[in-house]
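Asks: This is the structure, below, for whatever I ask next.
There are 2 protein chains.
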Amino acid sequence: MDLILYLKQHIILSPEMEAQVQGAFRQEELPKGHPLLSPGNFSQKVFYVEKGVVRTYYIKDGKDITHSFMVEGSFFVSIESAFFNSPSPYGVEVLEQATIRTIPYPDLEKVIDGSQALQKLSRLVMINAVKTFSDKLYSIQFQSAQERYNSMLEKFPDIMLRVPLGHIASYLGITQETLSRIRAGKV
Amino acid sequence: MDLILYLKQHIILSPEMEAQVQGAFRQEELPKGHPLLSPGNFSQKVFYVEKGVVRTYYIKDGKDITHSFMVEGSFFVSIESAFFNSPSPYGVEVLEQATIRTIPYPDLEKVIDGSQALQKLSRLVMINAVKTFSDKLYSIQFQSAQERYNSMLEKFPDIMLRVPLGHIASYLGITQETLSRIRAGKV
DNA sequence: GTTACTTTTTGATTTAGATCAAAAGCATTG
DNA sequence: CAATGCTTTTGATCTAAATCAAAAAGTAAC
């Protein structure tokens, strides 16, 4: 969803503010496979997905672990880089032809500071980030592989069919073999 | 740590702002065992722990699961109540004689809106909440019970000795029996 | 179609930690 | 100091999912 539209759905945006946001965010059309950020690099960019599917991941013991799938209307920023001045453990890559809007975090902070409404919205976006983590923690801690698979089917029915098995398995916190068995109903 | 001192460590606080904060937060001395919030209740209160130890928890399948230990200098708010107007799945209780400062979230929001510096700090506090969840998710997903135990020993050496085994076990995401065995070095 | 390569599935075995059950330690109260 | 309840430990068994290994299915390149 278009960034401005997204904002207008949540807050009232003055024409001046709208122009400021439009100008502050870059817009990029990116093909499948395009890396937006590689793990271990430093980037203070905030990403907004207007269209397409993007994946964030990190490398653990040489293995690629999917951390999240981002669909239209999602924000991402490396907390490590933007707030703690260190390299990002996360990488970000385009899974499906995407339209991405980006802005350096310090610039975004200035824009936000200029609007009470944006301040409130930015808090909401962060709260949602906390909630996403909280939900994922709960699912890893208390749900079985089968249950997590079912939840994901509900949440991302489309993604399940289109991305490689390995990405989904690592996202669910299970091995590819287990996911394959679950899918086949052999559990 | 005293709330005002905490704020001053992070930002510059004008005398007027300081007075406003002092007035807006209530202060309570609470004994061990005192419930600050019961699971299933609605509370928009933001808690700040000035002194003592507090625990947040929830009930899962009739079992009491410790979600976090809060020591001096920690904030807590039920996201569900404060932001989504629903009952809090979390409960909060005093583990050790504590000094707690509280403020309804809507009031806090007004205070924050009046100060650029507080806005920035509130973002940082939220970022830290995200990071805490992120770290906990990682530890549950990739670390063994033994490793989690060791990390906790480093992070909360004092708490480990003073709170009931069951609280620690559920916090670590393991059973009491397993924790007992780990402690005895029988693993 | 044949070859080569990647992705997915199937099978056998192992393992960390759970569960179930009971014993041992420790406090508190009369 | 018994008697009564907690909390913690110990022991035996079970289980979900990992690991290891190989077969099968897809995909692309020639």
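Order-wise, the sequence lines are chains X and F.
Per the numbering used here, the first sequence starts with residue 1, numbered consecutively.
Per the numbering used here, the second sequence starts with residue 1001, numbered consecutively.
Backbone N, C-alpha and C define an ideal beta-carbon position, used for all residues, glycine too.
According to the neighbour-count rule (16 or more other Cβ atoms, all chains shown, within 10 Å of its Cβ), is X:E29 buried or exposed?
Replies: So X:E29 counts as exposed.
Asks: How should F:L1172 be labelled, buried or exposed, when 16 other C-beta atoms within 10 angstroms of its C-beta is the threshold for buried?
Replies: When all chains shown are included, F:L1172 counts as buried.
Asks: Between the Cα of F:S1068 and those of F:E1093, F:K1060, F:A1082 and F:K1045, spot the shortest distance and give me the residue it belongs to.
Replies: Per the Cα distances, F:E1093.
Asks: Do three or more CB pairs link the region 1079-1096 of chain F to the region 1020-1035 of chain F at distances below 8 angstroms?
Replies: The answer is yes - the region 1020-1035 of chain F touches the region 1079-1096 of chain F, with three or more Cβ pairs under 8 angstroms.
Asks: In angstroms with no decimal places, state the Cα-to-Cα distance between X:H167 and F:D1135.
Replies: C-alpha separation (whole angstroms): 21 angstroms.
Asks: Using only CA atoms, which one of X:E72, X:R26 and X:P35 lies nearest to X:G52?
Replies: The shortest Cα separation from X:G52 among X:E72, X:R26 and X:P35 belongs to X:E72.
Asks: Give the interface partners of X:A129 over in chain F, defined as CB-CB distance under 7 angstroms, in chain order.
Replies: Result: V1130.
Asks: Would X:L118 be called buried (16 or more neighbouring beta carbons within 10 Å of its own) or exposed?
Replies: Answer is buried; the Cβ neighbour count reaches 16.
Asks: According to a CB-to-CB cut-off of less than 7 angstroms, which residues of the region 125-154 of chain X neighbour chain F?
Replies: Answer in chain order: M126, I127, A129, V130, K131, F133, S134, K136, L137, I140, Q141 and F142.
Asks: Does the separation of the CB atoms of X:V77 and X:V46 fall below 8 angstroms?
Replies: Going by C-beta atoms, X:V77 is nearer than 8 angstroms to X:V46.
Asks: Say whether chain X places a C-beta atom closer than 8 angstroms to the C-beta of F:Q1116.
Replies: Chain X, which has a Cβ nearer than 8 angstroms to the Cβ of F:Q1116, makes this yes.
Asks: I need the straight-line Cα distance from X:T178 to X:L161, nearest angstrom please.
Replies: Cα to Cα, the separation comes out at about 17 angstroms.
Asks: Against chain F, with Cβ distances strictly below 8 angstroms, would X:K60 count as a contact?
Replies: So, interface residue.
Asks: Who are the near neighbours of X:I182 in its chain, counting only those whose CB is closer than 7 angstroms to its CB and skipping five residues on each side?
Replies: Result list for X:I182: A145, Q146 and Y149, in chain order.
Asks: Taking the alpha-carbon of X:L121 as reference, which of X:D2, X:M1 and X:I12 has the nearest alpha-carbon?
Replies: Nearest of X:D2, X:M1 and X:I12 to X:L121, Cα basis: X:I12.
Asks: Please confirm whether F:I1011 has its beta-carbon closer than 8 angstroms to some beta-carbon of chain X.
Replies: Chain X contact via Cβ: absent.
Asks: Here's the rule: buried if 16 or more other CB atoms are within 10 angstroms of the residue's CB, otherwise exposed. What is X:A184?
Replies: Answer is exposed; the Cβ neighbour count stays below 16.
Asks: In its own chain, which residues sit with a C-beta less than 8 angstroms from the C-beta of F:P1104, not counting the 5 before and 5 after it?
Replies: Hits under 8 angstroms: Q1044, K1045 and V1046.
Asks: Out of curiosity, what's the CA-to-CA distance linking X:E109 and X:Y48?
Replies: Cα to Cα, X:E109 sits roughly 15 angstroms from X:Y48.
Asks: Residues bridged to X:M70 by DSSP?
Replies: Beta-bridge pairing links X:M70 to X:V54.
Asks: Who are the near neighbours of X:T102 in its chain, counting only those whose CB is closer than 6 angstroms to its CB and skipping five residues on each side?
Replies: Excluding residues within five positions, the ones whose Cβ falls inside 6 angstroms are R26, K45 and F47.
Asks: Following the continuous alpha helix (DSSP H) through X:Y218, name the residue where it begins and the one where it ends.
Replies: Any question about residue 218 of chain X goes unanswered here, given that chain X covers just 1 to 187.
Asks: So, with DSSP's three-state summary, where would you put F:L1108?
Replies: Three-state DSSP puts F:L1108 in a helix.
Asks: Quick check on the burial criterion: 16 or more other C-beta atoms within 10 angstroms. Buried or exposed for X:F84?
Replies: Result: exposed.
Asks: Apart from the five residues on each side of it in sequence, which residues of its chain come closer than 7 angstroms, Cβ to Cβ, to F:Q1020?
Replies: V1111, listed in sequence order.
Asks: Cβ of F:G1091 less than 8 angstroms from any chain X Cβ?
Replies: By this cut-off, F:G1091 is not an interface position.
Asks: Nearest chain F C-beta to X:D107 closer than 8 angstroms, yes or no?
Replies: Answer no: the Cβ-Cβ gap between X:D107 and chain F never drops below 8 angstroms.
Asks: Considering only the alpha carbon of each residue, which of F:P1035, F:T1132 and F:I1065 lies closest to F:V1054?
Replies: Closest by alpha carbon: F:P1035.
Asks: So for F:P1157, helix, strand or coil by DSSP?
Replies: F:P1157: helix per DSSP, three-state reduction.
Asks: Against chain X, with Cβ distances strictly below 8 angstroms, would F:G1173 count as a contact?
Replies: F:G1173 counts as touching chain X.
Asks: Could you give the first and the last residue of the continuous beta strand (DSSP E) run that contains X:Q27?
Replies: Residues R26 to L30.
Asks: Taking Cβ-Cβ distances shorter than 7 angstroms, what residues in chain X pair up with F:F1047?
Replies: Result: empty, since nearest Cβ-Cβ is about 16 angstroms, beyond 7 angstroms.
Asks: From X:T56 to X:I159, what distance separates their C-alpha atoms?
Replies: Each residue's Cα considered, the two are about 14 angstroms apart.
Asks: Looking at chain F, which residues of the region 74-86 of chain X have a Cβ within less than 7 angstroms of any of its Cβ atoms?
Replies: Flagged, chain order: I79 and F83.
Asks: Please report the straight-line C-alpha distance between X:I127 and F:Y1090, rounded to a whole angstrom.
Replies: Straight-line Cα distance between these residues: approximately 16 angstroms.
Asks: Measuring CA to CA, which of X:E18, X:L37, X:E80 and X:A24 is closest to F:T1132?
Replies: Taking only the C-alpha atoms, the option nearest F:T1132 is X:E80.
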